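Asker: Using the UniProt record's numbering, you'd call the opening residue of the sequence shown number 1 and step up by one each time. Ideal Cβ positions, reconstructed from N, Cα and C, are used throughout, including at glycine. Here the structure is a predicted model, which means the values were calculated and not measured.
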Amino acid sequence: MNKIDIRSVDVIQYVQPLREGGSLPAIVKADDGFLYVLKFRGAGQGKKALIAEFIGGEIARTIGLHVPELVFMNLDDSFSKTEPDEEIQDLLKFSVGLNLGLHFLSGAITYDPLVSNVDAMTASKVVILDSLISNIDRTSKNTNLLNWNNELWVIDNGASLYFHHDWKNWKKHLIRTFPLITDHVLLQQATVLTEASEEIQGLLRNERITEIISNIPEDWLLSEADALSPNEMRAAYIEFLSAKLSMIDLLVKEAADAR
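And the structure:
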């Protein structure tokens, strides 16, 4: 299995905001010449949303799903000083430092369950992914999936791993299943859940989970409001994901019953 190697780039141009996103992400240009969708640390859910986005994206990639390249993006304070829109100005000001970018898929269209096709294995893998990471935001109202080059691409995992918004009680989530899977946009197409589960278990080992968590920037784990240290948080993410992986059969049954 390939080692995770996350590149770091500098933002050199703010191109345009993406108003359809609740956290007001933006298309930006980086010093490598590529365009990215920038997720801001200064947005509503803060750095925790970036952590969830990163973990969810790299797990999705590990199990064979299409995910835009994730990069760490350095944003300096010059952009807020030249931005006329006050809302965006504040967002830029509070996001100076390390943010998260997804490679911009030019020409991609939002997945529409009424007109878009997806194969059963891909649908089943996405459903299991979202059960593992407790992703509450992949519904028909907000699919957080793209069609690009006739393939399904997974984006926007920032609403997952919601246990980390309450570190005092996070262990209560270790044995919980994910009943909200009943609202998943791909549930009806997920007809090979058992086969997908077997493939995922062969690809997503505890060593890979540990490697993903080890790549979370230290800065994102620092917060005066949280009771845990960065090392304790890393250990908690690993324990949570390992626990979910160990109960994957139960999660698969829950999803199959919901179908």
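To the nearest angstrom, how far is it from the Cα of Glu86 to the Cα of Leu92?
Answerer: In a straight line, the C-alpha of Glu86 is about 10 Å away from that of Leu92.
Asker: Candidates Gln45, Ile216, Trp220 and Gly56: which alpha carbon is nearest Leu241's?
Answerer: Gly56
Asker: Judging by CA-CA distance, which residue of Arg7, Leu146, Leu245 and Ile6 is the nearest neighbour of Ile128?
Answerer: Leu245
Asker: Within the segment 5–39, note down every full beta strand (DSSP E) run reaching 3 residues or more, in order along the chain.
Answerer: 8–17, 26–30 and 35–39
Asker: My understanding is that Leu152 touches Thr122, with C-beta atoms under 8 Å, so please give their C-beta distance in whole angstroms.
Answerer: 5 Å
Asker: Whose CA, out of Ile27, Ala196, Gly42 and Leu250, lies closest to the CA of Asp77?
Answerer: Gly42
Asker: Less than 8 Å between C-beta atoms, sequence neighbours within five positions excluded: which residues of the same chain meet that for Asp226?
Answerer: Trp167 and Met233
Asker: CA-CA distance, Ala108 and Pro230?
Answerer: 36 Å
Asker: So what does DSSP say about Met233, is it helix, strand or coil?
Answerer: helix
Asker: If you draw a straight line from the C-alpha of Pro179 to the C-alpha of Val185, how long is it?
Answerer: The C-alpha of Val185 is placed about 14 Å away from the C-alpha of Pro179.
Asker: What's the C-alpha gap between Thr139 and Asp32?
Answerer: 34 Å
Asker: Only counting runs of 3 or more residues, tell me where the beta strand (DSSP E) segments fall wholly within the segment 37–107, in order along the chain.
Answerer: 70–75 and 97–103
Asker: If I follow the unbroken beta strand (DSSP E) through Asn147, where does it start and stop?
Answerer: In this chain, the beta strand (DSSP E) harbouring Asn147 covers Leu145 to Trp148.
Asker: Three or more C-beta pairs under 8 Å: does that hold for the segment 149–163 against the segment 61–68?
Answerer: Segments in contact, yes.
Asker: DSSP three-state call for Leu228: helix, strand or coil?
Answerer: coil
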